[in-house]
């Protein structure tokens, strides 16, 4: 990129109002607060009079690769439409540049940082309005990785073995279902294998109820629902709502 173009984009990004980190952390903290102990009748009445939390919609996009028409016709245009509708419906929209997902495959650190910034610029240029949505980088909110580890401890390996994404990334045939097949799992790293759990953590961290997904992501959302159900049974309370897709 020439100096003039870089200067313009830098000023454009600086002028935008991407929500600061503390906003994302406060949302995560609010939705992950342990339910309080029983209160008195007067306190319950006061609590019930408080307005309900706005429904949460969460979606993420990886920063890798050059933004192109396919990006716009896919996730980005849907995000722009969602932000307008959600603004009318009084829903909270969380849009994340999911850079932790990007490192499940080898990346050049310098290029990844540049791609992350370029993706933010692209989203702003395509109409994402930080006054209507919360736009943030996934890696800047530690709760994503922290919750992913907790959920990893509850997720059966067999569930992840059935996922198709790691097989397609490795060029594995659809018929290969067993991790004992050395030829099928050669080159498979844990990050790629378990990244659907990180995706579940992205969603559940904010107790998001609605998730925009493509047909190829339905399987991962179903896994997120299964993980949420397992967690709820483990702690014996409906801690996480079961997210549903927006297709």
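Residue numbers (the working numbering): 107 to 353. Ideal Cβ positions, reconstructed from N, Cα and C, are used throughout, including at glycine. Since the structure is predicted, the reported quantities are computational estimates derived from the model, not experimental observations.
Three or more beta-carbon pairs separated by less than 8 Å link the segment 263 to 273 to the segment 297 to 305, which places the two stretches in contact. From the listed residues 187, 306, 208 and 232, the smallest Cα separation to residue 275 is found for 208.
Straight-line measurement puts the Cα of residue 292 at about 32 Å from the Cα of residue 247. Straight-line measurement puts the Cα of residue 203 at about 8 Å from the Cα of residue 226. For a cut-off of 8 Å, the C-beta gap from residue 236 to residue 197 is around 16 Å, too long to register as a contact. Under DSSP, the beta-bridge partners assigned to residue 202 are 166 and 242. According to DSSP, residue pairing for residue 351 in a beta bridge involves 317.
Burial of residue 249 is indicated by the presence of at least 16 other C-beta atoms within 10 angstroms of its C-beta.
Per DSSP, residue 322 lies in no alpha helix (DSSP H) and is assigned neither H nor E.
Residue 313 sits close to residue 346, with the two beta carbons spaced by under 8 Å. Scanning its chain for C-beta atoms nearer than 7 Å, with the 5 sequence neighbours on each side dropped, one finds around residue 254 the residues 303, 304 and 307, in chain order.
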